[in-house]
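Encoded as structure tokens, the structure appears first; notes follow it.
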């Protein structure tokens with residue numbers, strides 16, 4: 001699983017007009033899953049199901 005920063009650099013992800021992170025394939029805004037036991041959040045595309053880590 002890649003980080004959101006790597007996804008943005010590789011054009012797998014992009015930021016829309018409101019600075020929300022969106023999937024490059026589906027053009028859908030990513031959903032956030034916050035696990036309190038982990039340091040990072042998991043961002044998931046609702047259409048294709050790809051996941052990225054988002055570090056604080």
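In the working numbering, the protein residues as written are 1 to 56. We put the beta carbon where it would ideally sit given N, CA and C, even for glycine.
Report yes if the C-beta distance between residue i and residue j is below 9 Å; otherwise report no.
i: residue 23; j: residue 6; result: no
i: residue 12; j: residue 52; result: yes
How many whole angstroms separate the CB atoms of residue i and residue j, which I take to be in contact at a CB cut-off of 8 Å?
i: residue 30; j: residue 43; result: 4 Å
i: residue 48; j: residue 19; result: Incorrect: roughly 22 Å between the Cβ atoms, too far for contact.
Using the C-alpha atoms, what's the distance from residue j back to residue i?
i: residue 17; j: residue 28; result: 13 Å
i: residue 46; j: residue 37; result: 23 Å
i: residue 3; j: residue 33; result: 14 Å
i: residue 9; j: residue 21; result: 12 Å
i: residue 40; j: residue 14; result: 19 Å
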